[in-house]
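First to last, the protein sequences are chains V and P. The first sequence begins at 11 in the working numbering and counts up one residue at a time. The second sequence begins at 11 in the working numbering and counts up one residue at a time. Every residue, glycine too, gets a C-beta built ideally from N, C-alpha and C.
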Amino acid sequence: MSEIEKTYPAGLATNIQKPISDPGIEPHRVRMTDKSEKAARGAEQQIAVMFGISIVGAFIAIWGFVAFPINSLADTRNGALWMGIGMALSLLGIGFGAVHWAKTLMPDHEVSEARHQARTPDEARAQAIAIIKTADAESGFTRRKLIRRSLYGALAVFPIPALVIFGDLGPQVGDTLKHTIWKKGVRLVRDSHEGGTPIKASEVTLGSVFHVVPENLKDIEDHGEKLNQKAKAAVLLVRVEPSELKEDPAKASWSYDGIVAYSKICTHVGCPVALYEQHTHHLLCPCHQSTFDLADHCKVIFGPAARPLPQLAIEVDAEGYLVAQGDFTEPVGPSFWDIRQS
Amino acid sequence: MSTSTEQKPTTFIGGAANYLDERLSLGGVLKNFGRKVFPDHWSFMLGEVAMYSFVVLLISGTFLTFFYQPSMAAVHYEGSYAPLKGAEMSIAYASSLDISFDIRGGLLMRQVHHWAALLFVAAAGLHMLRVFFTGAFRKPRELNWLVGFFLFLAAMGGGFTGYSLPDDLLSGNGLRIIDGMLKAIPFIGPSISSGLFGGEFPGDEVVARLYSLHIMIIPALIIVLLAVHLMMVIIHKHTHYSGPGKSDENVVGFPLMPVYVAKAGGFFFLVFGVLMAISATFTINPIWNYGPYDPSPVSAGTQPDWYIGWLDGALRLAPSNLDVYVLGIVLPMGVLLPLVISLLFLAIVAVYPFVEKWVTGDDREHHVLDRPRNAPTRTGLGAAGVMFYAVLWAGASTDLIATNFQMSLNHVLTSMQILLIIGPVIAYWVTKRACLALQRKDREIALHGRETGRVVRLPHGEYIEVHEPVDKYELWKLVDFKDYQPTLARPNAQGKITLSSKIRAALSSFYFEDRIAPVSKAEYELAHADHSPAPAVEKPKRAPKALAGKK
Numbered sequence: 011m012s013e014i015e016k017t018y019p020a021g022l023a024t025n026i027q028k029p030i031s032d033p034g035i036e037p038h039r040v041r042m043t044d045k046s047e048k049a050a051r052g053a054e055q056q057i058a059v060m061f062g063i064s065i066v067g068a069f070i071a072i073w074g075f076v077a078f079p080i081n082s083l084a085d086t087r088n089g090a091l092w093m094g095i096g097m098a099l100s101l102l103g104i105g106f107g108a109v110h111w112a113k114t115l116m117p118d119h120e121v122s123e124a125r126h127q128a129r130t131p132d133e134a135r136a137q138a139i140a141i142i143k144t145a146d147a148e149s150g151f152t153r154r155k156l157i158r159r160s161l162y163g164a165l166a167v168f169p170i171p172a173l174v175i176f177g178d179l180g181p182q183v184g185d186t187l188k189h190t191i192w193k194k195g196v197r198l199v200r201d202s203h204e205g206g207t208p209i210k211a212s213e214v215t216l217g218s219v220f221h222v223v224p225e226n227l228k229d230i231e232d233h234g235e236k237l238n239q240k241a242k243a244a245v246l247l248v249r250v251e252p253s254e255l256k257e258d259p260a261k262a263s264w265s266y267d268g269i270v271a272y273s274k275i276c277t278h279v280g281c282p283v284a285l286y287e288q289h290t291h292h293l294l295c296p297c298h299q300s301t302f303d304l305a306d307h308c309k310v311i312f313g314p315a316a317r318p319l320p321q322l323a324i325e326v327d328a329e330g331y332l333v334a335q336g337d338f339t340e341p342v343g344p345s346f347w348d349i350r351q352s
Numbered sequence: 011m012s013t014s015t016e017q018k019p020t021t022f023i024g025g026a027a028n029y030l031d032e033r034l035s036l037g038g039v040l041k042n043f044g045r046k047v048f049p050d051h052w053s054f055m056l057g058e059v060a061m062y063s064f065v066v067l068l069i070s071g072t073f074l075t076f077f078y079q080p081s082m083a084a085v086h087y088e089g090s091y092a093p094l095k096g097a098e099m100s101i102a103y104a105s106s107l108d109i110s111f112d113i114r115g116g117l118l119m120r121q122v123h124h125w126a127a128l129l130f131v132a133a134a135g136l137h138m139l140r141v142f143f144t145g146a147f148r149k150p151r152e153l154n155w156l157v158g159f160f161l162f163l164a165a166m167g168g169g170f171t172g173y174s175l176p177d178d179l180l181s182g183n184g185l186r187i188i189d190g191m192l193k194a195i196p197f198i199g200p201s202i203s204s205g206l207f208g209g210e211f212p213g214d215e216v217v218a219r220l221y222s223l224h225i226m227i228i229p230a231l232i233i234v235l236l237a238v239h240l241m242m243v244i245i246h247k248h249t250h251y252s253g254p255g256k257s258d259e260n261v262v263g264f265p266l267m268p269v270y271v272a273k274a275g276g277f278f279f280l281v282f283g284v285l286m287a288i289s290a291t292f293t294i295n296p297i298w299n300y301g302p303y304d305p306s307p308v309s310a311g312t313q314p315d316w317y318i319g320w321l322d323g324a325l326r327l328a329p330s331n332l333d334v335y336v337l338g339i340v341l342p343m344g345v346l347l348p349l350v351i352s353l354l355f356l357a358i359v360a361v362y363p364f365v366e367k368w369v370t371g372d373d374r375e376h377h378v379l380d381r382p383r384n385a386p387t388r389t390g391l392g393a394a395g396v397m398f399y400a401v402l403w404a405g406a407s408t409d410l411i412a413t414n415f416q417m418s419l420n421h422v423l424t425s426m427q428i429l430l431i432i433g434p435v436i437a438y439w440v441t442k443r444a445c446l447a448l449q450r451k452d453r454e455i456a457l458h459g460r461e462t463g464r465v466v467r468l469p470h471g472e473y474i475e476v477h478e479p480v481d482k483y484e485l486w487k488l489v490d491f492k493d494y495q496p497t498l499a500r501p502n503a504q505g506k507i508t509l510s511s512k513i514r515a516a517l518s519s520f521y522f523e524d525r526i527a528p529v530s531k532a533e534y535e536l537a538h539a540d541h542s543p544a545p546a547v548e549k550p551k552r553a554p555k556a557l558a559g560k561k
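Below, the structure written as structure tokens:
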């Protein structure tokens with residue numbers, strides 16, 4: 011019976027007598043380098059060659075840095091390639107050399123070392139407990155209840171300011187998630203780096219898709235704020251054969267001659283729903299494959315989303331450009347707990 | 011007055027060693043650790059790979075911090091990558107492009123950093139699997155399993171925060187998904203999101219915040235956890251596989267100096283060298299192709315880094331229209347359900363060692379590893395867990411599977427949903443049966459020896475195949491394993507059968523009902539009684555304990 015089995019219960023373990031007793035560590039297998047001095051010298055040379063390759067590799071890496079000053083993309087690529095190959099050689103040379111050394115020339119006799127149980131021996135344990143008792147008696151930690159309890163109180167409260175101090179990590183959410191910068195009369199413009207151009211209803215041909223932002227987006231100076239607003243206001247504009255469009259009578263006036271505008275921000279977790287399949291009128295989010303039926307109020311027909319994409323009511327202004335009738339009537343983007351409360 | 015034992019150093023190294031030892035007692039440290047024994051097995055290198063990848067991450071990451079600027083303020087790109095010239099982008103993205111194109115070695119270091127991160131999490135995950143399937147988490151190592159578990163989480167966190175730093179389109183959409191998931195948390199979700207992004211998504215704060223997490227808090231956490239992890243390895247000494255001469259009372263292997271200094275030290279250079287070779291020749295995360303982050307565009311076929319895949323897959327596999335409305339409050343279950351399931355999965359991983367110990371009631375220290383086949387139920391459960399993870403992981407690529415194999419996306423996704431539920435059951439069953447079959451084979455070999463393929467006709471006409479008995483070392487490997495049997499629900503001191511006792515009894519029969527016991531001495535002797543002379547079984551001259559060398 012082993013020490014460990016003497017100390018601890020074995021639970022459900024069975025006690026089956028082994029057919030033989032432990033035969034002990036297997037005899038050592040003699041390597042070529044153990045028995046032949048010539049083989050050992052050969053291994054020594056191989057190891058030295060590997061370390062030599064490492065030195066060469068380091069110089070290749072240095073050459074790679076010097077030889078390709080940045081002038082073109084080809085220089086960037088070649089520089090990275092040669093520096094990398096050089097450093098790889100220099101590292102692998104050391105690595106292979108060291109391991110080869112250990113495997114061929116260092117002793118490979120397995121040796122055994124005794125383990126000790128993690129548990130502190132009883133005597134030492136008793137001493138440790140005595141120390142704690144002494145410390146307790148000397149400090150009066152158990153005896154002086156008032157000190158102990160007030161200390162607990164202080165320790166419980168003192169981290170709170172450390173949490174409160176992070177209060178300004180972000181502003182109050184307020185109703186920011188429920189509004190976008192769309193307003194009555196704001197033109198729908200193309201989403202492009204150059205600052206989009208407004209879109210005439212006549213330009214929206216059947217089946218074509220426009221990635222749209224509100225015209226007032228470009229008036230926002232601050233880059234961060236502009237992205238915040240764009241992250242809510244992005245819209246997809248599509249013209250569908252009016253006969254294929256299932257329209258809620260209450261929202262019949264939200265479209266214009268088969269042209270409908272829906273939020274581009276997925277109601278699942280907010281990716282842009284950027285893929286439009288023309289012949290089925292399906293919108294697909296490339297992140298998690300939520301699929302919305304554009305012809306039927308962008309209802310979720312597949313994937314993990316749960317809410318239809320909100321529709322932006324549009325009309326045409328005096329010059330024939332598409333404009334919004336107002337903001338979205340419901341929040342865009344991912345669902346959150348009070349999304350239904352205005 | 012000094013005695014004559016004092017040595018006078020004569021060489022420079024001797025002098026330096028003397029100087030340090032007189033100030034730091036290094037001699038004692040070396041005396042204690044210099045010849046510490048470590049067992050040798052390829053699977054013990056997985057953890058090493060993870061640790062070395064982390065060192066590579068620290069080295070390459072330090073290089074990157076010298077050039078990267080974590081600011082989301084807008085600039086117009088003026089670097090040497092022509093397609094993006096003049097584009098408005100964040101300073102973070104512009105400086106990442108500069109690292110890639112305008113700083114010599116920058117692209118290489120970015121790629122080393124990214125490949126090392128991928129390898130870090132992969133090696134840590136494989137190391138965890140090795141520990142699980144060999145039962146290395148058993149007493150006294152349960153706490154080290156937990157430390158390792160948190161290391162794995164920290165590795166994932168480090169990966170994700172770093173992935174988002176270039177502020178490119180791909181990583182920005184990753185953050186968008188995090189934002190959407192945070193917002194789904196009831197009551198506090200939108201506030202947490204606002205706290206992370208400093209207001210609305212994407213804002214102009216998040217990159218700087220992720221940066222301090224990525225270069226300070228998470229690495230510090232990993233370093234501390236790693237130190238604790240390794241300290242515990244030293245306290246417990248490394249486990250070893252069962253084999254002749256190896257027991258719970260000893261550790262068999264090679265000494266730290268010189269063998270492991272050369273092998274493990276050399277191995278660091280090998281890991282670094284391989285990472286360097288990959289990074290020199292294979293592009294990873296070509297941020298210049300994605301463009302700066304903009305909340306409107308997105309590229310199709312987007313994939314997270316591999317270690318986030320299972321979480322992304324969990325999001326994809328949720329059924330449609332799961333929002334629940336309770337008293338005017340929306341619970342976006344389409345997001346919350348995957349979140350809860352993922353957390354539950356992680357929780358099961360974390361507590362597994364404690365559950366198994368409760369079932370077996372085995373309070374002994376275990377230093378000899380199980381061969382996976384010798385713990386069939388655990389191995390089966392592990393396979394089920396791997397299957398579950400793998401389906402979620404593959405779930406993150408439903409779109410690519412559909413396009414590459416010309417299948418319907420809807421069918422791929424539905425199949426994944428079904429597979430997520432039945433896959434683990436099948437994996438459990440197949441693995442457990444395979445383990446039991448292998449155990450039977452082991453028994454057969456232990457009892458009757460190896461089939462030689464040599465068929466012999468006996469004088470009276472009978473044909474037999476000659477079986478060759480295995481030698482004592484091989485035999486020991488086949489019979490030396492721990493075995494448990496199921497228990498019944500037993501009444502406690504008050505004579506009451508508690509619920510926990512019933513659950514434990516049920517679990518114990520789930521674990522050990524169809525066990526294959528190791529070959530016993532009686533069986534072995536019986537099997538050899540009717541055969542030709544049994545192989546000589548040596549009487550050990552000393553008890554196994556005596557094998558342990560001097561302290």
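Distance, residue j Cα to residue i Cα
i, j, result
"Ser330/P", "Thr408/P", "16 Å"
"Asp353/V", "Lys41/P", "Not covered by the structure: residue 353/V. The range shown for chain V is 11 to 352."
"Ile228/P", "Asp177/P", "19 Å"
"Tyr303/P", "Asp232/V", "15 Å"
"Ile358/P", "Glu98/P", "46 Å"
"Pro265/P", "Val121/V", "8 Å"
"Val76/V", "Phe77/P", "19 Å"
"Ala544/P", "Thr291/P", "With a pLDDT of 45 at Ala544/P, under the threshold of 50, the predicted position of this residue should be treated as unreliable, and no value is reported."
"Lys143/V", "Arg33/P", "34 Å"
"Leu117/P", "Thr86/V", "8 Å"
"Asp490/P", "Gly253/P", "7 Å"
Cutoff 8 Å; reference residue i; Cβ partners in own chain excluding five residues on either side
i, result
"Asp258/P", "Arg374, Glu375, His376, His377 and Val378"
"Met163/P", "Going by the sequence as given, residue 163/P is Leu instead of Met. Excluding sequence neighbours, Leu163/P sits near Leu356."
"Glu13/V", "Gln127"
"Thr190/V", "Pro224, Gln239, Lys242, Ala243, Asp337, Phe338 and Val342"
Nearest to residue i (by Cα), restricted to the options the options
i, options, result
"Gly107/V", "Ile65/V, Ile95/V and Gly74/V", "Ile65/V"
"Val246/V", "Asp258/V, Thr277/V, Lys210/V and Leu285/V", "The sequence as given places Leu at residue 246/V; Val does not occur at that position. The candidate whose alpha carbon is nearest that of Leu246/V is Leu285/V."
"Ile35/V", "His137/P, Leu129/P, Tyr251/P and Ile411/P", "Tyr251/P"
"Ala404/P", "Gly338/P, His477/P, Gly459/P and Trp316/P", "Trp316/P"
"Gly177/V", "Lys149/P, Thr171/P, Leu179/P and Gly209/P", "Gly209/P"
"Thr75/P", "Pro196/P, Met226/P and Met166/P", "Met226/P"
"Lys256/P", "Lys531/P, Trp486/P and Ile69/P", "Trp486/P"
Residue-chain proximity (residue i, chain P), Cβ-Cβ < 8 Å
i, result
"Tyr18/V", "yes"
"Asp201/V", "yes"
"Gly234/V", "yes"
"Val183/V", "yes"
"Met42/V", "no"
"His298/V", "yes"
Proximal residues to residue i (C-beta, below 7 Å), its chain only, five neighbours per side dropped
i, result
"Pro501/P", "Ile507"
"Gly199/P", "Leu192 and Lys193"
Beta carbon proximity, residue i to chain A, threshold 8 Å
i, result
"Met286/P", "Here chain A cannot be found, since the structure's protein chains are V and P."
Min CB distance residue i to chain V below 8 Å
i, result
"Glu478/P", "no"
"Tyr62/P", "no"
"Pro196/P", "yes"
Close Cβ partners of residue i (< 6 Å) along its chain, the five nearest in sequence each way excluded
i, result
"Met267/P", "Gly44"
Alpha helix (DSSP H) runs wholly inside the segment 110-182 of chain P, at least 4 long, in chain order: For the segment 110-182 of chain P, whole alpha helix (DSSP H) runs of length 4 or above, ordered along the chain, are 116-143 and 152-173.
Could you tell me which uninterrupted alpha helix (DSSP H) segments, each at least 4 residues in length, are contained entirely in the segment 252-340 of chain P, listed from first to last along the chain? 271-291, 297-300 and 319-327
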